[in-house]
Amino acid sequence: MTKKKKKDTDPKVHEELKGFKMEINSFGEISSSFSIDKINEFLNKNVEDKKLKDRDDLSKDE
0 MTKKKKKDTD PKVHEELKGF KMEINSFGEI SSSFSIDKIN EFLNKNVEDK
50 KLKDRDDLSK DE
């Protein structure tokens with residue numbers, strides 16, 4: 000099998016995530032161009048948590 004060539008183009012991303020890059024080094028450590036807090040804030044705002052969607056004791060604003 001041949002190795003896949005890396006694409007030089009940037010993937011399509013949400014407007015709020017422009018400039019977001021994620022890399023894995025030779026030790027398996029993940030490095031990102033955004034802080035974890037900024038990524039979590041984006042995910043909390045834009046992604047519904049499937050485990051919590053049917054709970055009655057939580058409001059939608061939390």
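If you read the sequence shown in numbering that gives the first Met the number 0, its first letter stands for residue 0, the second for the next number, and so on.
Quick reminder that beta carbons are idealized off the backbone N, C-alpha and C, glycines included.
All values derive from a computational prediction rather than experimental measurement.
Could you check whether residue j and residue i sit closer than 9 angstroms to each other, using their CB atoms as the reference points?
| i | j | result |
| --- | --- | --- |
| Ser-34 | Met-21 | no |
| Ile-23 | Ile-29 | yes |
Under 7 angstroms Cβ to Cβ from residue i, same chain only, skipping five residues before and after it: list those, please.
| i | result |
| --- | --- |
| Gly-18 | Ser-32 |
Measure how close the beta-carbons of residue i and residue j come, nearest whole angstrom, since I'm counting them as under 8 angstroms.
| i | j | result |
| --- | --- | --- |
| Phe-41 | Glu-15 | 6 angstroms |
Between which residues of its own chain and residue i is the CB-CB distance below 6 angstroms, once the five residues before and five after are set aside?
| i | result |
| --- | --- |
| Asp-53 | none |
| Lys-2 | none |
Whole runs of the alpha helix (DSSP H) within the stretch 7 to 55, excluding any shorter than 4 residues: Secondary structure in the stretch 7 to 55: the alpha helix (DSSP H) runs of 4 residues or longer, each lying completely within the stretch, are 35 to 45 in chain order.
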